[in-house]
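Undergrad:
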Amino acid sequence: MSETPYASTDDQAPPLDPPPPYSPQDLEQDLAQLVDIGTRVEQEYARPYEVSSGRPPYFHVGLAPSLGLLTAPNLRMMDLTLLVAMKATLNTLANKNIETMTWEEAVALLRQNPALEDAGGSVFRQRTLLRRSKIRLHTQPDLEVGSKVQLWFDDLIQDPDVLRDTRITAKVLAGIMTRTDIVIDSLRSLLRKTERKSKTLLDIGIIRFPSASNPIFRVYRIQLRVWVKHKISIGFVHSGSSGIEGVYNSCDFRPCRAILDFVDPQIRAQAVREVSVILLQPVRGAAISP
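According to my numbering, the sequence shown is numbered sequentially starting from 175.
1. Going by beta carbon distance, what residues of the same chain come within less than 8 Å of threonine 483, once the five residues before and after it are set aside?
2. Alpha carbon to alpha carbon, how far is isoleucine 433 from proline 230? Give it in angstroms, no decimals.
3. What first and last residue would you give for the beta strand (DSSP E) that runs through proline 288?
4. Looking at the strands, I want to know which residues DSSP matches up with serine 424.
5. Taking Cβ positions, are arginine 338 and tyrosine 422 nearer each other than 8 Å?
6. Pull up the DSSP beta-bridge partners for lysine 371, would you.
7. Let me know if methionine 275 comes out buried or exposed under the rule of 16 or more other beta-carbons within 10 Å of its beta-carbon.
8. With a CB to CB cut of under 7 Å and the five nearest residues on each side skipped, what residues in its chain are close to leucine 347?
9. Near valine 411, which residues of its chain fall below 6 Å by C-beta distance, leaving aside the five closest residues on each side in sequence?
10. Grab me the residues of serine 296's own chain with a C-beta within less than 6 Å of its C-beta, minus the 5 sequence neighbours each way, in chain order.
11. How long is the line joining the alpha carbons of serine 416 and alanine 282, rounded to whole angstroms?
12. For proline 429, list the residues DSSP reports as bridge partners.
13. Between which residues of its own chain and glutamate 369 is the CB-CB distance below 8 Å, once the five residues before and five after are set aside?
14. For leucine 375, which option in Met351, Leu256, Pro334 has the closest C-alpha, if you only look at C-alpha atoms?
15. Would you mind stating whether asparagine 287 and threonine 302 have Cβ atoms separated by less than 8 Å?
16. I'd like to know whether the C-beta atoms of arginine 392 and glutamate 291 end up nearer to each other than 8 Å.
17. Give me whichever residues DSSP pairs with aspartate 359 in a beta bridge.
18. Please state whether DSSP places alanine 344 in a helix, a strand or coil.
19. Would you grab the beta carbon distance between isoleucine 141 and leucine 304 for me? Rounded to a whole angstrom, and I think it's under 8 Å.
20. Could you check if aspartate 355 is buried or exposed, using at least 16 other CB atoms within 10 Å of its CB as the buried criterion?
21. Just how far apart, CA to CA, sit alanine 220 and lysine 345?
22. What three-state label does DSSP hand aspartate 377 in the structure shown?
23. I'd like the span of the beta strand (DSSP E) that includes phenylalanine 327, first residue to last.
24. For alanine 386, which three-state DSSP category applies?
25. On the criterion of 16 or more Cβ atoms from any shown chain inside 10 Å, does leucine 364 qualify as buried, or is it exposed?
26. Measure the CB-CB distance between alanine 268 and alanine 289 and report whether it falls below 8 Å.
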C-alpha cells in the first residue's frame, strides 16, 4: 500500500488533518525575516576600516539571500509551482549553518533539493589585478577608486544584476582596496625568502530568489584573495609583486516540474505548506537565520 499523500487506494488510512493553507502572504513573511546580502555588504563597509580596532579585514558569508526584484505584488503573480519550489528551498536552508557553508556545500545542497533541477549556464571566471600597497595615514577609503579597479571588477562579475543586488558600489570597492593595501603590507612583512603568500579578503555566497519575470534560482560566489610574491635572485637582488585575485562562480536552478507536477492540484492551490508532507520535513515558519 502506498503511503504517499497523493495516492488513491481504497484501504488507505484516513489522512491527517491538513496543515493550514500557506499563501503568498505567508511566504512574504518568511522572506521578510531574511537579511539581504546587499544590506550586509553595506553594513560591513559603511565605516572606514581602522587597523587599531582589532576587527579583522576579512568578510565571509557562506550563503546569504538576495531578494532582487522580489516584492509582495510580485509574489502574488507567481506560478504556484514556483512558490512551492521557493518554500522548499527556504526549508532546506533553514536546517543548515549557512554562515560557514563553503561554495561546494552550497551547490551540493541545492542539487540535492528535490524541488529544484540544474538549469545549466554554470559560470567560472578568474581575474587578477596587480596592486602596490599604499597605506593611507587614517585608512580612509579613497572614494575616487580608480577606473582600473572598477573596470577590473566589472569584468570579473559581468552581471549588472549581481552588482545591484550585492551593492558593491564604488564606495565599497574603495573600502575593499584599502583593506587590500593593509593585507598586502601585512603579508609582505612575513616574507623572508622566495615565496608567495595569500589571504582571503572577501568570500560571499549568495542565493538569488526568483521573481515573476525571472523564474530562476541563481547561486553565486564572489571571492577576493590578496597575494604577495617575493623573489631573491642572483646577487641577492630583491623583487616582488602583489595584487588581488578575483573568482566568480554561478549556477542556475529551476523548479523540478517532474516532481512538483505530481503534487495534488488542491494542495498546490493552497500553495506551499503541504510541500512539507510531499518533499521535505520542514519546521513550521522556519526561515534562514541572519
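Glycine included, each C-beta is placed from N, C-alpha and C at the ideal position.
TA: This is what the structure holds:
1. There is simply no residue 483 to check, as the chain begins at 175 and stops at 464 in what is shown.
2. 45 Å
3. Per DSSP, proline 288 belongs to no beta strand (DSSP E) and is neither H nor E.
4. Val297, Tyr394
5. The criterion of a C-beta distance shorter than 8 Å is not satisfied by arginine 338 and tyrosine 422.
6. Val402
7. buried
8. Val319, Val323, Gln324, Phe327
9. With a pLDDT of 44 at valine 411, under the threshold of 50, the modelled position of this residue cannot be trusted, and the question is left open.
10. Taking serine 296 as the centre and dropping the five residues before and after it, the same chain places the C-beta of Cys425 closer than 6 Å to its C-beta, in chain order.
11. 34 Å
12. Leu290
13. Same-chain partners within the cutoff: Lys403, His404.
14. Met351
15. no
16. no
17. Partner(s): none; aspartate 359 has no beta bridge.
18. helix
19. With the chain covering 175 to 464 only, the question about residue 141 has no answer from this structure.
20. buried
21. 9 Å
22. In the structure shown, aspartate 377 sits in a strand (DSSP, three-state: E or B).
23. From DSSP, phenylalanine 327 is part of no beta strand (DSSP E) but of the alpha helix (DSSP H) over 321-331.
24. coil
25. exposed
26. Not closer than 8 Å, so no.
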